[in-house]
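In the order they appear, the protein sequences are chains E and R. Note that my numbering gives residue 76 to position 59 of the first sequence, counting from 1, and the numbers run on in steps of one. Note that my numbering gives residue 502 to position 268 of the second sequence, counting from 1, and the numbers run on in steps of one.
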Amino acid sequence: MEKILVGLKRAIDYNVRVRVKNDGSGVETDGVKMSINPFDEIALEEALRIKDRGDASEVIVMSIGTDAAQQQLRTGLAMGADRAILVDAVDSIDPLSRARVFQEIVNREGVELVILGKQAIDDDNSQIGQMLAAIWGRPQATFASKIELNGNTARVTREVDAGLELVDVDLPAVISVDLRLNEPRYVKLPDIMKAKKKPLDQIPIADLGIESSSIIEDSHFEPPAARQKGIIVDDVAGLVSALTEKGLL
Amino acid sequence: MAKVLIVAEHDGAVLNPSTAKCVACATAIAGTEIDVAVLAASAAAVASDAAKLDSVARILTVENAANEYALSAILAPQVVALADGYDYIFGPSTTFGKDLMPRVAALLGLNQISDIMSVEGSHTFKRPIYAGNAIVTVTAPTGKPVVATVRTASWQAVDATNSAPVESADIAVDIPSHTRLVSVESGQSDRPDLQTASTVVSGGRALASSENFDIIFALADKLGAAVGASRAAVDAGYVPNEMQVGQTGKIIAPDLYFAIGISGAIQHLTGIKDAGTIVAINKDEEAPIFEVADIGLVADLFKALPELTNAL
Ligand SMILES: Cc1cc2nc3c(=O)[nH]c(=O)nc-3n(C[C@H](O)[C@H](O)[C@H](O)COP(=O)(O)OP(=O)(O)OC[C@H]3O[C@@H](n4cnc5c(N)ncnc54)[C@H](O)[C@@H]3O)c2cc1C
Ligand SMILES: Nc1ncnc2c1ncn2[C@@H]1O[C@H](COP(=O)(O)O)[C@@H](O)[C@H]1O
């Protein structure tokens, strides 16, 4: 195939303990480390492996967001992507509009395979891949833990509640990836230098005929209900009696 | 009266308990009439389960050989055909619903709300974000249907004392052939189901091998419990993926949860926030799991666990 498109979302690093602002207007982002959504790194790694095997000729990374997302796209280029597209939009842009942006880029570029993360760890939505597949009228294989390409179909192992499901999807298709698919490569210093020369195109979202707005309104943020700190027992006998006292045994 | 359509989750023979939780969520919206859609190859058994759910007005069945197994590309256009006239279209936030409902929403030209944990108004809901480290109140536009998934761990299944009428729905849609099921591999077990069990015993990386997990199973057997695991234990191959609890695994709400040799990373805690009582056994007294555990025991699990199993 010619082109694989990978979505890279800029998100708060997964090691950061996220805190809600006191006024409930959002979560604290000042001075907080931002990274590529971890699932998206796995998506990119898979695309690069497909290309390395000779099954694709170009890997394009794409982000929808503000200028700041250039940083994550540069990291993607350093990992080995050929070029990057940043579609300028407000970070709060709604999921359906984001799926439409992906569709526009897919059409413009003639992409045959889109690989996304199974969810962004900020909104925890898990929607974009499914929505893109719907408006594109193409198959979706979400939560992938293994991808095998055989000509015009992909055989995908999906991690579902029941266990592992194997599906065949005809290309073009959308695949969203789970954590066990692969181990993303580390970026080396020379690659970072090389990445600076790779193309990064910026497209205003209005040029795609899509509005950048939030349709689902986030009106208030709050921390989750805190759990009471419990007791520490000395030994197994203490554990058994604590459970018995609570009526749990 | 606002009309709600709930897409039933099932395995072809039995209704999944997630459906009764979606019904519970729908009843939290004032003044609703609730229908449940059963899309199956043959729907009778599942429909009769669904008809028992309290507060359900009627069951709509769609029988089609293509519905033998739930594939979203095949189900979504059928749900869309049924959705006409409904104000709410709900599915569970299990892998079934997460896969299906955004596809349904996009076909309808709508956004989707993921993981409703509470209903605050006709179009206002709370949902967890950042692995449950924040709860956000979201408002969907009025005048359009609300498509959403329901966070099953936040809702108590409705009772099953009803006998709602079952009707077969007549819809004509093109079924795509671009997506085909090859096989499903699931660790058949006669243990209680992880997502609905009242007691769950989970093991982490500390178990160090799949053989050692036997001591987790032994305790679970004594307690009649389901068995879960941390991501590290699944990644290491000690147990299969369907046992993973957490942000990327199952979100559960048992009455009693044992975290054995699990450090308590936020991604794991996301999966157990709604557990009744959390018991932690860890040899490191500094392990973050002790910050959320109701009962903690600082001990070597290889010593403490057999002792505990014997004591029960
Ligand atoms: C995007 C993302 C999603 C994730 N999703 C999930 C998820 O869904 N679920 C999940 O669980 N994780 C998830 N993780 C991984 C998570 O961050 C942790 O790495 C993982 O939970 C650690 O598993 P663990 O507690 O078993 O292992 P460790 O963190 O290694 O902890 C092992 C614990 O065992 C204790 N121990 C060791 N030996 C003994 C002994 N003999 N007796 C008693 N105690 C002992 C140690 O003190 C330690 O606390 C995710 C990570 C990312 C980045
Ligand atoms: N703003 C964005 N820019 C680039 N990719 C995105 C964006 N939002 C979502 N995605 C992709 O879609 C996947 C699923 O995201 P979500 O549906 O928002 O949980 C992510 O893992 C990304 O691969």
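Note that beta-carbon positions come from the ideal geometry of N, C-alpha and C, so glycine has one too. The structure presented is a predicted model; accordingly, all values stated were derived computationally and were not measured.
With respect to the 8 Å criterion, Phe-330 of chain R and Glu-243 of chain R are classified as neighbours on the basis of their beta carbons.
Here Thr-253 of chain R carries a helix assignment [DSSP, helix/strand/coil]. With the rule of 3 Cβ pairs closer than 8 Å, the stretch 222 to 235 of chain E does not count as touching the stretch 259 to 266 of chain E. Between the stretch 123 to 133 of chain E and the stretch 177 to 197 of chain E, the count of C-beta pairs closer than 8 Å reaches three or more; the two stretches touch. Leaving aside the five residues that flank Arg-36 of chain E on each side, the residues in its chain whose CB is nearer than 6 Å to its CB run, in chain order, Glu-45. Taking 8 Å as the threshold, the shortest C-beta distance from Glu-62 of chain E to chain R does not fall below it. The contact set of Gln-144 of chain E on chain R, defined by CB atoms closer than 7 Å, consists of Pro-336, Gln-346 and Ser-348 in chain order. When the five nearest sequence neighbours on each side are left out, the beta carbons in the same chain lying within less than 7 Å of the beta carbon of Met-148 of chain E are those of Pro-112, Leu-113 and Ala-116, in order along the chain. Relative to the Cα of Val-513 of chain R, the nearest Cα in the group R:Thr-504, R:Thr-482 and R:Gly-495 belongs to R:Gly-495. Secondary-structure assignment with DSSP links Lys-20 of chain E through a beta bridge to E:Glu-75.
By the neighbour-count criterion, in which a residue is buried when 16 or more other Cβ atoms sit within 10 angstroms of its Cβ, Lys-38 of chain E is exposed. Listed by position in the chain, the residues whose beta carbon lies within less than 5 Å of some heavy atom of ligand 1 are E:Tyr-31, E:Pro-55, R:Gly-438, R:Arg-439, R:Ala-440, R:Ser-464, R:Arg-465, R:Ala-466, R:Gly-480, R:Gln-481, R:Thr-482, R:Gly-483, R:Gly-495, R:Ile-496, R:Ser-497, R:Ala-499, R:Gln-501, R:His-502, R:Asn-516, R:Lys-517, R:Asp-518, R:Ala-521, R:Asp-534 and R:Leu-535.
Val-270 of chain R and Lys-378 of chain R have their C-alpha atoms roughly 20 Å apart.
Taken in chain order, the members of the stretch 29 to 53 of chain E whose beta-carbon sits within less than 8 Å of a beta-carbon on chain R are Ile-29, Tyr-31, Arg-34, Val-35, Arg-36, Val-37 and Val-44. As for any alpha helix (DSSP H) of minimum length 4 sitting wholly inside the stretch 417 to 459 of chain R, the runs are 448 to 457, ordered along the chain. According to DSSP, residue pairing for Pro-362 of chain R in a beta bridge involves R:Ile-369. Taking 3 residues as the minimum length, the beta strand (DSSP E) runs contained wholly in the stretch 37 to 108 of chain E are 51 to 53, 75 to 82 and 100 to 105, in order along the chain.
Set against 7 Å, the gap from the CB of Pro-362 of chain R to the closest heavy atom of ligand 2 is not smaller. In this structure, the CA atom of Gly-437 of chain R is about 6 Å from the CA atom of Ala-493 of chain R. With 16 or more other Cβ atoms inside 10 Å of its own Cβ, Arg-27 of chain E counts as buried. Residue environment analysis places Gln-390 of chain R among the exposed positions, since fewer than 16 neighbouring C-beta atoms fall within 10 angstroms of its C-beta. Under DSSP, Lys-484 of chain R takes part in a beta bridge, and its partners are R:Val-479. DSSP lists R:Leu-239 and R:Arg-292 as the bridge partner or partners of Asp-269 of chain R. Contact annotation for Leu-239 of chain R against chain E: no contact, minimum CB-CB distance about 18 Å [criterion: below 8 Å].
Contact of Glu-541 of chain R with chain E is assigned, a C-beta pair being separated by under 8 Å. Contact between Ile-363 of chain R and Asp-140 of chain E holds, with the beta-carbon distance rounding to 6 Å and staying under 8 Å. Per DSSP, reduced to three states, the secondary structure at Gln-346 of chain R is strand.
Our two residues, Trp-153 of chain E and Gln-120 of chain E, have alpha carbons roughly 7 Å apart in a direct line. Between the stretch 380 to 388 of chain R and the stretch 404 to 418 of chain R, the count of Cβ pairs shorter than 8 Å is below three; the stretches do not touch. DSSP places Asn-516 of chain R in the uninterrupted beta strand (DSSP E) bounded by 511 to 516. For Met-210 of chain E, the distance from the CB to the nearest heavy atom of ligand 2 is not below 7 Å. Secondary structure of Thr-383 of chain R (DSSP, three-state): strand. Residues of the stretch 517 to 534 of chain R that bring their beta carbon within less than 9 Å of a beta carbon in chain E comprise Glu-519, Phe-524, Glu-525, Val-526, Ala-527, Asp-528, Ile-529, Gly-530, Leu-531, Val-532 and Ala-533, in sequence order. Judged by their CB atoms, Leu-239 of chain R and Ile-323 of chain R are nearer to each other than the 8 Å cut-off. Rounded to whole angstroms, the separation of the alpha carbons of His-237 of chain E and Ile-369 of chain R is 8 Å. Across the set R:Val-290, R:Met-477 and R:Ala-279, the C-alpha of R:Met-477 shows the shortest separation from the C-alpha of Asp-178 of chain E.
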